[in-house]
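Numbering (full-length UniProt numbering), first residue to last: 1 to 322.
This is the structure in structure tokens:
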């Protein structure tokens, strides 16, 4: 590994390439620390899910006839004491973990029924025909905003008849946690405003608007905002700006869902998370939902290395170019 640090990526890519004609590929036994963050860009036209399987030491011992060790006890503690509201989304302790698995499968029960329920609730919705309908509304625009760039017009969804309603419905139903426990829906102008406003109304949750500095009345809290991955290529871009939100808008300890149109390099999204931290919102109380994710730009990896790997990230669509 020291001589070939990229060896895990190479092995993963070889396995994925050998199964290129498959609709679904299941890889077991992976030991990578943060697979969705570090490997998604290698299969940028596919959705990569990292499902952690947990069971108590007693159950594992009975099935494998193996000795209970400290790792078994840790999994047992996680399963019993740190379980999400739906029992499948074990919430990590942000003080010890910096990575959030896509899903947690509780493998304590026997039989196939629990597997079917898990698939029905969390996996099959990703393949629903409504997701395909939504993807068809994202039109490619060649040579925009610069030559050589094929732009995916995600905001076009809101310009299509029924598009915004469809997107809002998918954001609501595919959220892994409980909307009843969410204290605010946060969004940054401009793309996030379009989708977050409709969603906040449907789930009856207050909207936390994040804008460029100077556009909200005081008191506010603000942080510096770097240019986006597209605007930074423009010769007249002025570089660093600031974004802000109203002070004390979100109560400390409240659960916040950040809505954005895309996940790419997303330095803007990093800045939104920094702003929420400045406002007293901890990572463990934040979830991210985007309409479209572009894994080729390593957005998840950027968030992971910036200390936001423990935040749940969901994308309705996975697209391979931007």
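All C-beta atoms, glycine included, are put in the ideal place defined by N, C-alpha and C. This one's a predicted model, so the numbers in the text were calculated from it and none came from an experiment.
Nearest by alpha-carbon distance to residue i: which of the options is it?
i           : options               : result
residue 242 : 220, 313, 37 and 286  : 220
residue 137 : 158, 118 and 304      : 158
residue 245 : 263, 226, 271 and 8   : 271
residue 48  : 62, 123 and 60        : 123
residue 212 : 311, 193, 206 and 125 : 193
residue 120 : 174, 209 and 288      : 174
residue 214 : 196, 127 and 224      : 224
residue 180 : 164, 206 and 168      : 206
residue 130 : 166, 35 and 109       : 166
residue 43  : 64, 33, 9 and 34      : 9
residue 202 : 182, 168 and 222      : 168
residue 56  : 276, 280, 107 and 160 : 107
residue 289 : 204, 191 and 63       : 191
residue 276 : 253, 46 and 161       : 253
residue 297 : 161, 38 and 162       : 38
residue 127 : 14, 161 and 46        : 46
residue 60  : 4, 208, 109 and 178   : 109
residue 160 : 208, 139 and 265      : 139
residue 222 : 5, 265, 280 and 64    : 280
residue 299 : 21, 36, 14 and 7      : 36
Which two residues bound the contiguous alpha helix (DSSP H) that contains residue i?
i           : result
residue 4   : Unbroken run through residue 4: none, as it is neither H nor E.
residue 35  : 35-39
residue 48  : Per DSSP, residue 48 belongs to no alpha helix (DSSP H) and is neither H nor E.
residue 299 : 299-303
residue 57  : 57-64
So, are the CB atoms of residue i and residue j less than 8 Å apart?
i           : j           : result
residue 101 : residue 52  : yes
residue 199 : residue 316 : no
residue 152 : residue 319 : yes
residue 40  : residue 295 : yes
residue 274 : residue 176 : no
residue 50  : residue 307 : no
residue 287 : residue 312 : yes
residue 195 : residue 171 : yes
residue 263 : residue 293 : yes
residue 284 : residue 310 : yes
residue 115 : residue 54  : no
residue 132 : residue 321 : no
residue 25  : residue 34  : no
residue 182 : residue 261 : no
residue 217 : residue 267 : no
Give the range of the beta strand (DSSP E) segment to which residue i is assigned.
i           : result
residue 52  : 51-54
residue 27  : Per DSSP, residue 27 belongs to no beta strand (DSSP E) and is neither H nor E.
residue 316 : 312-318
Contact criterion: CB-CB distance below 8 Å. Does residue i meet it with respect to chain D?
i           : result
residue 285 : Considering every chain present, this structure includes no chain D. It has just one protein chain.
Regarding residue i and the ligand MG, is the C-beta to nearest heavy atom distance less than 7 Å?
i           : result
residue 127 : Looking for the ligand MG in the displayed structure turns up nothing, as the structure carries no ligands at all.
Should the segment 245-264 be regarded as contacting the segment 168-188, the criterion being three or more beta carbon pairs within less than 8 Å?
Segments in contact, yes.
Counting only runs that start and end within the UniProt domain "Phosphoribosyltransferase" (154-292), where is the beta strand (DSSP E) found for 3 or more residues in a row?
You should have 184-188, 207-212, 220-225, 241-246 and 256-263.
Alpha helix (DSSP H) segments (min. 4 residues) lying fully within the segment 95-151:
Those alpha helix (DSSP H) runs which fall completely within the segment 95-151 and span 4+ residues are 113-118 and 129-136.
Take every Cβ of the segment 22-32, pair it with every Cβ of the segment 297-310, and state whether three or more of those distances are shorter than 8 Å.
No contact exists between the segment 22-32 and the segment 297-310.
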